[in-house]
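Quick mapping for you: the protein sequence lines, in order, are chains A and R. Under the numbering used here, the first residue of the first sequence is numbered -19, with each subsequent residue one higher. Under the numbering used here, the first residue of the second sequence is numbered 17, with each subsequent residue one higher. Read the structure below first, then the notes.
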Amino acid sequence: MLYGLMAYFDAPEKLLRALKVLRERGYRRLEALTPNPVEGVEEVLGGDGRIPWVAFGLGVLGVGLGLFLQVYTTLDYPHNAGGKPLLGWPAFIPVTFELTILTITVGIFLFLLYINGLPLAAHPAVKAKEYVRVLLDEYGVFVYATDPRFDLEGTKALLRELGAEVEEVRRD
Amino acid sequence: MAERHPDHDLIQGEWTEKTLVEKLLEPVEKPPPRPWKVVLAVGFALTLAWLYAIFVTFVKGLGAWGINQPVLWGFDIVHFVWWIGIGHAGTLISAILVLMRQNWRDSLNRVTEAMTLFAVLAAATYPLIHMGRPQHFYWVMPYPTHMALWPQYKSPLSWDVLAIMTYLTISTLFLYLGLIPDLALLRERSTGWRRKLYGWLSLGWTGNAVHWQRYRAVYVLLAGLATPVVISVHSVVSMDFAYGLVPGWHLTVFPPFFAAGAIYSGFAMALTLIIPLRRWYRLEGVITERHLDWMAKVTLASGLGVAYIYLLEIFIAWYAGEPAEWAQQLWRMTGPYAPYYWAMMLINVVLLQTLWFPRFRKNLAWLFVFSLLANVGMWLERFVIVVISLSHDFLPGNFHLYHPTWVDWTLFLGTIGFFLFGLAVFIRLFPPIAVAEMVHLFHKLRRH
């Protein structure tokens, strides 16, 4: 069974051009695979503005958790420590701060895994014989065979025209 | 080729992406050099001794230690603070230098983050075993009990629990996040049990370009969060002392004092580890003399902060007009512990000044010796703060010296062993230099 086509480019500029052309030709089910972050990808494949907002929300949650923990435990067992006000809020700042950071850190890490669809047990592109190249020094585009525009010979020719070395990825 | 990148000499030698990756993965993929085996063996032996000392502590109780009235915080707290401080350089290099876009961090962040992890783990064991009833360690956590008691959140000791746990969590996640792309690369390059291990740990990372964008966003965000945590952790640790009324502790200058000391000691330990690592694994092309020079400069800057506060402490003790404070200062300078105090001053104030001169910073032998001395100097500083302060409070009838036992020493050497053993295992399994980041840097430096 054919999973798709893996195209290897030797420069990030070629990858970006190829992505643009493929998008213009109507290809939708494709993934760019790169050894490191490539600037300009978000302009072609779309950026993701959710992370800062989710982090902010988690921060608000963390502040709430921190303050709630301390105010609740103080009121539940009122204890006069050195004549300080019962709800002397400046003393609550360190724990509130630490819990805020803890909440954001753990939350955003899990959110990152969630939006990236990880953990992922298997991915068709990884089946490509030469896949390791896109983790090393080349820039790959994986075009799924399920793409409506996919046509084995036509797509292969297009990718070659764009400067790629192309490999058919099949289930073994 | 167009103009050279100003940082072009951060990667020296003739490389291609392939040969660079081969080189960086050598510690994992090639048989280890002989010194690695020695470090592993020594570390393992000391770890066993450590476990035995913990066993003795649990069986015989805290009486096996040297702590006694009035010095009830002895080596346990000295070493807790020492290890926590050492951890700080890792987070500083990985987090603050990301925000400042310092290219030289890319060669150093992985190994120093690992250093942080094992240093914080080593530190965290001390408060646990110095509890009189360690089986009730979870009482420090807020959980609903039938006694209806909660931790006292106006006490810095309660803050400390959460600060250390947050620090451990964020440094572990930061280290792991940085490792994910390298784990994917290792997964594709290895076979057998290693392939399984890296496969599981890499979580199925494929190098998807959209994933990369989000990954970078989260990475920089975590760096931004880790930065204030680094400062907060040692500040909170310092408040454990500053909240007490003991002469020599009750000072508002403690948080910045401890934070500066932490960064200083952390960079010293990083130099102690990186100079031999670079030699044993022939990493001179990626950890260049310029990297070491930068590290020496940060050591100098943070060390100057420490030295300034040493001198300030003397002034404040006199200027405050508080007899017990001044007596404490004289006890440090002229009492039975004076050699410790003056050794600390010699290293952290006098010898530190050599780092102003490029001749000394470029001399690797001196840099290595000085980094070892600075570790000792910071150990002495914690000894001065914890033990010397407690041995001399308000009433002459309470002045007693501290005599650590073999258990105290074994616990200390044991954590050093655990630290070395942990690091040795770590760099055998995971690349000690962040491969993906170095390749990225290589691109930046060569393509522009």
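Each residue gets a CB set at the ideal place from its N, CA and C atoms; glycine is no exception. Just so it is clear, the structure is predicted and the values come from calculations on it, not from any experiment.
Residue i versus the options, residue with shortest Cα-Cα distance
i	options	result
residue 353 of chain R	R:387, R:148, R:403, R:380	R:403
residue 355 of chain R	R:378, R:112, R:372, R:400	R:400
residue 348 of chain R	R:263, R:375, R:173	R:263
residue 17 of chain A	R:117, R:197, R:371	R:197
residue 180 of chain R	R:218, R:209, R:135, R:168	R:135
residue 129 of chain A	A:-2, A:-8, A:-19, A:3	A:3
residue 124 of chain A	A:30, A:-1, A:105	A:105
residue 5 of chain A	A:60, A:139, A:149	A:139
residue 15 of chain R	R:109, R:99, R:168	Since the displayed chain R opens at 17 and closes at 464, residue 15 of chain R lies outside it and no answer follows.
residue 99 of chain R	R:184, R:313, R:115, R:194	R:184
residue 126 of chain R	R:335, R:190, R:421, R:301	R:190
residue 143 of chain R	R:437, R:427, R:451	R:427
residue 31 of chain R	A:117, A:137, A:143, A:152	A:117
residue 24 of chain R	R:304, R:394, R:130, R:83	R:304
residue 132 of chain R	R:48, R:76, R:160, R:105	R:105
residue 47 of chain R	R:297, R:137, R:278	R:297
residue 57 of chain A	R:160, R:398, R:456	R:160
residue 234 of chain R	A:120, A:84, A:127, A:150	A:84
residue 142 of chain A	A:46, A:23, A:21, A:-7	A:-7
residue 195 of chain R	R:154, R:153, R:223	R:223
residue 421 of chain R	R:20, R:81, R:26	R:81
residue 88 of chain R	R:385, R:58, R:140, R:424	R:424
residue 97 of chain A	R:220, R:137, R:113	R:220
residue 55 of chain R	R:461, R:437, R:111, R:459	R:437
residue 66 of chain A	A:21, A:53, A:36, A:88	A:53
residue 381 of chain R	R:201, R:308, R:301, R:398	R:308
residue 128 of chain R	R:97, R:177, R:282	R:282
residue 11 of chain A	A:132, A:114, A:-19	A:114
residue -2 of chain A	A:152, A:145, A:61, A:151	A:145
Residues bridged to residue i [DSSP beta-bridge criterion]
i	result
residue -13 of chain A	A:121, A:146
residue 24 of chain A	The partner list for residue 24 of chain A (beta bridge, DSSP) is empty, contrary to what the question assumes.
residue 224 of chain R	A:13
residue 269 of chain R	BP columns for residue 269 of chain R are empty, so no partner.
residue 465 of chain R	Outside the shown range of chain R, which is 17 to 464, sits residue 465 of chain R, and nothing can be said about it.
residue 84 of chain R	R:87
residue -18 of chain A	A:150
Checklist entry - What residues from the segment 158 to 169 of chain R come within 8 angstroms of chain A, judged by C-beta to C-beta, listed N to C? => result The residues in question are 158, 164, 165, 166, 167, 168, 169.
Checklist entry - Does the pairing of the segment 425 to 439 of chain R with the segment 59 to 66 of chain R give three or more beta-carbon distances under 8 angstroms? => result Verdict: yes, contact present.
Next on the checklist: Tell me whether the segment 445 to 463 of chain R and the segment 33 to 52 of chain R touch, counting them as touching only if at least three CB pairs, one residue from each stretch, are closer than 8 angstroms.
Outcome noted: Note that the segment 445 to 463 of chain R touches the segment 33 to 52 of chain R; at least 3 beta-carbon pairs, one per stretch, sit closer than 8 angstroms.
Item to check | Touching by the beta-carbon criterion (3+ pairs, under 8 angstroms), the segment 217 to 228 of chain R and the segment 91 to 99 of chain A | outcome: Touching, per the Cβ criterion.
Checklist entry - For the segment 208 to 228 of chain R, which residues have a beta carbon sitting closer than 8 angstroms to at least one beta carbon of chain A? => result From the segment 208 to 228 of chain R, only 219, 220, 221, 222, 223, 224, 225, 226, 227, 228 have a Cβ closer than 8 angstroms to chain A.
Checklist entry - When you check each C-beta in the segment 236 to 261 of chain R against every C-beta of chain A, which residues fall closer than 7 angstroms? => result Residues passing the 7 angstroms Cβ filter: 237, 238, 241, 245, 248, 252.
Next on the checklist: As an exercise, report each continuous alpha helix (DSSP H) stretch of at least 4 residues that is fully enclosed by the segment 166 to 208 of chain R, in chain order.
Outcome noted: Counting only unbroken stretches of 4 or more residues, the alpha helix (DSSP H) elements lying wholly within the segment 166 to 208 of chain R are 172 to 205, in sequence order.
Next on the checklist: To be precise: take each residue of the segment 112 to 133 of chain R, compare its Cβ to all Cβ atoms of chain A, and keep it if any distance is under 8 angstroms. Which residues remain?
Outcome noted: Residues: none.
Checklist entry - What are the residues of the segment 341 to 362 of chain R that lie near chain A, defined by any Cβ-Cβ distance shorter than 7 angstroms? => result Cβ contacts with chain A: none found.
Checklist entry - Going along the chain, which unbroken runs of the alpha helix (DSSP H) with 4 or more residues stay wholly within the segment 274 to 339 of chain R? => result Correct list: 305 to 335.
Checklist entry - Which runs of the alpha helix (DSSP H) spanning at least 4 residues fall entirely within the segment 36 to 67 of chain A, listed in chain order? => result If we require 4 residues or more, the segment 36 to 67 of chain A turns out to have no alpha helix (DSSP H) run fully inside it.
Checklist entry - Along the chain, which unbroken stretches of the alpha helix (DSSP H) at least 4 residues long are found entirely within the segment 112 to 149 of chain R? => result Whole alpha helix (DSSP H) segments, 4+ residues: 125 to 146.
Checklist entry - Going along the segment 35 to 53 of chain R in order, which residues come within less than 7 angstroms of chain A, judged by CB to CB distance? => result Only 37 from the segment 35 to 53 of chain R bring a Cβ to less than 7 angstroms from some Cβ of chain A.
Checklist entry - At a Cβ cut of 9 angstroms, what residues of the segment 182 to 195 of chain R count as close to chain A, listed as they run along the chain? => result Per Cβ criterion, the list reads 182, 183, 185, 186, 189, 190, 192, 193.
Checklist entry - Can you give, in chain order, each stretch of the alpha helix (DSSP H) that sits fully within the segment 374 to 425 of chain R and has at least 4 residues? => result Considered as a whole, the segment 374 to 425 of chain R harbours 374 to 377, 380 to 399 as its complete alpha helix (DSSP H) runs of no fewer than 4 residues, in chain order.
Item to check | Near-chain R residues of the segment 106 to 121 of chain A - C-beta to any C-beta below 7 angstroms | outcome: Among the residues of the segment 106 to 121 of chain A, those with a Cβ less than 7 angstroms away from any Cβ of chain R are 106, 111, 112, 114, 115, 116, 117, in the order of the chain.
Item to check | Touching by the beta-carbon criterion (3+ pairs, under 8 angstroms), the segment 65 to 75 of chain R and the segment 315 to 335 of chain R | outcome: Short answer: they don't touch.
Checklist entry - Using 8 angstroms as the Cβ pair cut-off and three pairs as the minimum, do the segment 252 to 268 of chain R and the segment 195 to 215 of chain R touch? => result Counting C-beta pairs with one atom in each stretch, the segment 252 to 268 of chain R and the segment 195 to 215 of chain R have fewer than three that are closer than 8 angstroms, which means they do not touch.
Next on the checklist: Taking contact to mean 3 or more Cβ pairs, one atom from each stretch, closer than 8 angstroms, check whether the segment 30 to 47 of chain A and the segment 230 to 237 of chain R are in contact.
Outcome noted: Contact holds: three or more Cβ-Cβ distances are below 8 angstroms.
Item to check | Members of the segment 33 to 53 of chain A near chain R, C-beta cut-off 8 angstroms | outcome: Under the 8 angstroms Cβ criterion, the segment 33 to 53 of chain A contributes 35, 49, 50, 53.
Checklist entry - In the segment 88 to 101 of chain A, which residues sit with their C-beta less than 9 angstroms from some C-beta in chain R, listed in chain order? => result Residues passing the 9 angstroms Cβ filter: 88, 89, 91, 92, 93, 95, 96, 97, 98, 99, 100, 101.
Checklist entry - Okay, do the segment 162 to 169 of chain R and the segment 38 to 57 of chain A touch, 3+ Cβ pairs below 8 angstroms being the bar? => result Put simply, the segment 162 to 169 of chain R touches the segment 38 to 57 of chain A. At least three CB pairs are less than 8 angstroms apart.
Checklist entry - Going along the chain, which residues of the segment 2 to 19 of chain A sit with their C-beta nearer than 8 angstroms to a C-beta in chain R? => result Within the segment 2 to 19 of chain A, the qualifying residues are 11, 12, 13, 14, 15, 16, 17, 18.
Checklist entry - Relative to chain A, which residues along the segment 294 to 307 of chain R have a C-beta separation below 9 angstroms, given in chain order? => result Within the segment 294 to 307 of chain R, no residue qualifies.
Checklist entry - Okay, do the segment 267 to 280 of chain R and the segment 328 to 341 of chain R touch, 3+ Cβ pairs below 8 angstroms being the bar? => result Touching, yes, given that three or more Cβ pairs across the two stretches are closer than 8 angstroms.
Checklist entry - At a cut of 8 angstroms, does the segment 69 to 89 of chain A reach the segment 276 to 286 of chain R through at least three beta carbon pairs? => result Segments in contact, no.
Checklist entry - Where are the alpha helix (DSSP H) runs, 4 residues long or more, that stay fully inside the segment 71 to 140 of chain A, in chain order? => result List check, alpha helix (DSSP H) in window: 73 to 95.
Next on the checklist: If the cut-off is 8 angstroms on Cβ atoms, which residues from the segment 68 to 83 of chain A count as contacting chain R, listed in chain order?
Outcome noted: Of all residues in the segment 68 to 83 of chain A, 68, 71, 72, 74, 75, 77, 78, 79, 81, 82 have a Cβ within less than 8 angstroms of some Cβ in chain R.
Checklist entry - Three or more beta-carbon pairs under 8 angstroms between the segment 361 to 369 of chain R and the segment 387 to 400 of chain R, yes or no? => result Yes, since at least three Cβ pairs between the segment 361 to 369 of chain R and the segment 387 to 400 of chain R fall closer than 8 angstroms, the two stretches touch.
Next on the checklist: Which runs of the alpha helix (DSSP H) at least 4 residues long sit entirely within the segment 30 to 92 of chain R? Give them in chain order.
Outcome noted: Whole alpha helix (DSSP H) segments, 4+ residues: 33 to 45, 50 to 76.
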